[in-house]
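Residue numbers (the numbering used here): 3 to 306.
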């Protein structure tokens, strides 16, 4: 009887809340607040993972999120320290809001997989960029030198100090030519690749198909937050830091499937706690038995 009463009470409270809230926030189609933008139509045809940027104050990152676009300028209160060290190489860091991009010719933007940029009609087409479309006072540019989300650089530099690393990166003109990797190896400069990598983006997962003519490093334009896990043909491998703040994975020669998945420690701990709680609940439920009471009915008794 108590369970029945509690169930009825729950249904009544739920119905009251639904009736109260139904008219307070009416449901409208997403396009009501964010209608389709003709300027962005060419982006729908691009199946490979890419990022965008706005020049100056164009197309704020909060807006780009509503259209399912990955904006390199960021829009979050927390930033990886190593990633913040790269700001002088590609943006003007603002104390609030987002990182402003003023110069699209900075090579680091190509490294960050910035394939498209949105600017006002007053902005000229930068070197190594081309205009894709213009509409209503805005222009869409495409980067002709953009690097894929995952790529194989031609040369690897190991053992460079952090101070010298930033200086050398500031003078770099093509990050497809050289990458700086921090690994437990002697200081050296070595040839890398060649090879080919294709990437599929699944949100918190990146699936790579790598064809390596010889063993080498794959560089990924993902900030190296703790929690990234890498697997080469189902075998877990260690990730390294490349270009100050990004990810690098060492892959043997041949064709391999590489999987990177983001599982931060907080998620792993929370998942374990949830699993333990479910198991404990199932055990208690299994040990619950029903015994007859004096009136001929049954009552629930949980035995220890």
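Built from N, CA and C at the ideal position, the CB exists for glycine as well.
Straight-line Cα distance separating residue j from residue i
i	j	result
residue 30	residue 94	37 angstroms
residue 137	residue 279	55 angstroms
residue 54	residue 282	47 angstroms
residue 65	residue 212	34 angstroms
residue 43	residue 61	15 angstroms
residue 214	residue 242	18 angstroms
residue 155	residue 103	25 angstroms
residue 221	residue 139	37 angstroms
residue 126	residue 147	17 angstroms
residue 15	residue 277	29 angstroms
residue 254	residue 195	10 angstroms
residue 87	residue 183	16 angstroms
residue 91	residue 168	9 angstroms
residue 18	residue 6	18 angstroms
residue 289	residue 244	54 angstroms
residue 83	residue 248	12 angstroms
residue 216	residue 119	35 angstroms
residue 46	residue 133	16 angstroms
residue 271	residue 20	34 angstroms
residue 67	residue 285	44 angstroms
residue 122	residue 49	26 angstroms
residue 266	residue 208	15 angstroms
In DSSP terms, what residue i is bridged to
i	result
residue 107	In DSSP, residue 107 forms no bridge with anything.
residue 213	198, 257
residue 182	159
residue 7	In DSSP, residue 7 forms no bridge with anything.
residue 58	Bridge partners of residue 58: none, in fact.
residue 207	263
residue 145	131
residue 94	102
residue 225	248
Exposed unless 16 or more other CB atoms sit within 10 angstroms - verdict on residue i
i	result
residue 171	buried
residue 201	buried
residue 36	exposed
residue 181	buried
residue 3	exposed
Whole-Å CB distance - residue i paired with residue j, under 8 angstroms assumed
i	j	result
residue 75	residue 52	With a Cβ gap of about 14 angstroms, residue 75 and residue 52 do not count as contacting.
residue 161	residue 188	6 angstroms
residue 238	residue 191	Not really, about 28 angstroms apart at Cβ, beyond 8 angstroms.
**Asked** Are the region 175 to 193 and the region 104 to 119 touching, with three or more C-beta to C-beta distances below 8 angstroms?
**Response** yes
**Prompt:** Between the region 230 to 237 and the region 258 to 273, do three or more beta carbon pairs fall short of 8 angstroms?
**Reply:** yes
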